[in-house]
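Everything below concerns the one structure shown next.
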Ligand SMILES: [Zn+2]
C-alpha cells in the first residue's frame, strides 16, 4: 500500500511541474520568476556567450526532447542554431506554432525594424530588426506577462500561482525601474559607441545616444575605413564610452578607443554574463552600476 501510494505521489509530482527550456538565461530567469515552484526552467545558451553563435550540443537536443514549453527570443537571434535542435528533438509539444513553443518577440516593442525589403545577403545579423529587446525593462514586463499567460494555458491547474507570481514580479520591476531611472537620469544625452547593437534598447530607454558601432553592420568585423570614420565622429561627439559585450574581443575596440579618446567599457548583456547576475533585476542593477555608479 505504502509502495503504491509513493508511486502515485511521485507520478503526480512529475506531472506537477512544467518543464520549461529556454534559449537564453534571461528567459529562464523570467520563467523562474513567474513560474515559481510550478516549473523547472533550464536554458541552452550561457549568458556569457554570443547568443547569435551558439554551438548546438547533443545535450541541448536531449533537454528539448523532454520540454513541455520552449521559450525563444526570436527575430533571428537563434536562427543559426535553434531550428535544427527543434527538429532533432522530435518533440511534437514544442514544434513551432504549437502551445509548447513561445517566441517572445511577438509581444515586445521592437526597434530598428526595416521598413523596406529585407536583405539577408549582406550578412546582417538583424534582418528583421534588433533582437536584443530584453534590455528594455518594459519589454521584460511584456515578456513576463506572455510567459505567465502561456504557462496558465498549458497548465491551468497552477494558473492562480502564475497570476500571483506575475503580480509580484511586476511590482518589483516597477520599483526597480524607478531606481534605475533615477540613477541613469544624469547620463541623459551622453554619447556612446556600441561594439554590436546590443545596448540600443537600454540606451533608448535611458536617453543615451548611440552614435556608431565598432561593427560596420551587425555581425560584420570592423574595417580600417569604418573605424577611422566612426573614430573621428566619436571624437567630435565627445563619446563617453565604447560599450563592449563580454564575448567580443576588446582588442578590436582598441583602435576606435585610441581615435576617439573614449575607453571601452565591458557591460553584461544577459543573466549569467557574470556569476552574480542571477535574475532579470540583477542584470539591470549590474549595467546601471557600471555606467552610473
Ligand atoms: Zn545582435
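In my numbering, the protein residues as written are 221 to 513.
Even glycine gets a Cβ: it sits at the ideal position worked out from N, Cα and C.
At a cut-off of 6 Å, the beta-carbon of residue 345 counts as near ligand 1: some heavy atom of the ligand is closer than that.
The stretch 462–472 makes no contact with the stretch 247–256: fewer than 3 CB pairs, one atom from each, lie closer than 8 Å.
If you compare the alpha carbons of 329, 288 and 363 with that of residue 315, the shortest gap goes to 288. For residue 263, there is no enclosing alpha helix (DSSP H); the enclosing beta strand (DSSP E) has its first and last residue at 259–265. Shown here, residue 321 sits in a strand according to DSSP, grouped into three states. Proximity to residue 407 across 395, 419 and 423 peaks at 423, based on C-alpha coordinates. Shown here for residue 448: same chain residues with a beta carbon closer than 8 Å to its own, the five before and five after excluded, namely 479 in chain order. Straight across, the Cα-Cα distance linking residue 273 with residue 435 is about 16 Å. For residue 438, the shortest separation between its Cβ and any heavy atom of ligand 1 lies below 6 Å. In this structure, residue 450 keeps its C-beta atom at 7 Å or more from the C-beta atom of residue 367. In this chain, residue 497 is not harboured by any beta strand (DSSP E), its DSSP state being neither H nor E. Residue 418 and residue 481 have their alpha carbons spaced roughly 22 Å apart. If you compare the alpha carbons of 486, 462, 323 and 394 with that of residue 413, the shortest gap goes to 462.
For residue 292, the enclosing beta strand (DSSP E) has its first and last residue at 289–292. Counting C-beta pairs closer than 8 Å gives fewer than three between the stretch 397–411 and the stretch 319–328, which falls short of the contact rule.
If you keep only unbroken beta strand (DSSP E) runs of at least 3 residues inside the stretch 445–500, you get 461–464 and 484–486. In the displayed model, residue 360 falls within a helix according to three-state DSSP. Distance from the Cα of residue 312 is smallest, within the candidate group 328, 416, 330 and 290, for 290. When the five nearest sequence neighbours on each side are left out, the beta carbons in the same chain lying within less than 8 Å of the beta carbon of residue 300 are those of 272, 273 and 274, in order along the chain. In terms of Cα proximity to residue 319, the closest of 375, 426, 393 and 266 is 375. Contact check for residue 453 and residue 431: beta-carbon distance about 6 Å, within the 8 Å limit, so the pair qualifies.
According to the DSSP assignment, residue 308 belongs to the alpha helix (DSSP H) that extends over 302–309. Going by beta carbons, residue 349 and residue 492 fall outside the 7 Å limit. The beta carbon of residue 506 sits closer than 6 Å to those of 488 and 497, all from its chain and outside the five residues before and after it, given in chain order.
Inter-residue distance for residue 445 and residue 363 is about 39 Å (C-alpha atoms, whole angstroms).
Per the C-alpha coordinates, the member of 309, 458 and 504 positioned closest to residue 429 is 458. Pairing residue 241 with residue 283 gives a Cβ-Cβ distance under 7 Å. Where residue 273 is concerned, there is no enclosing alpha helix (DSSP H), because DSSP gives it neither an H nor an E.
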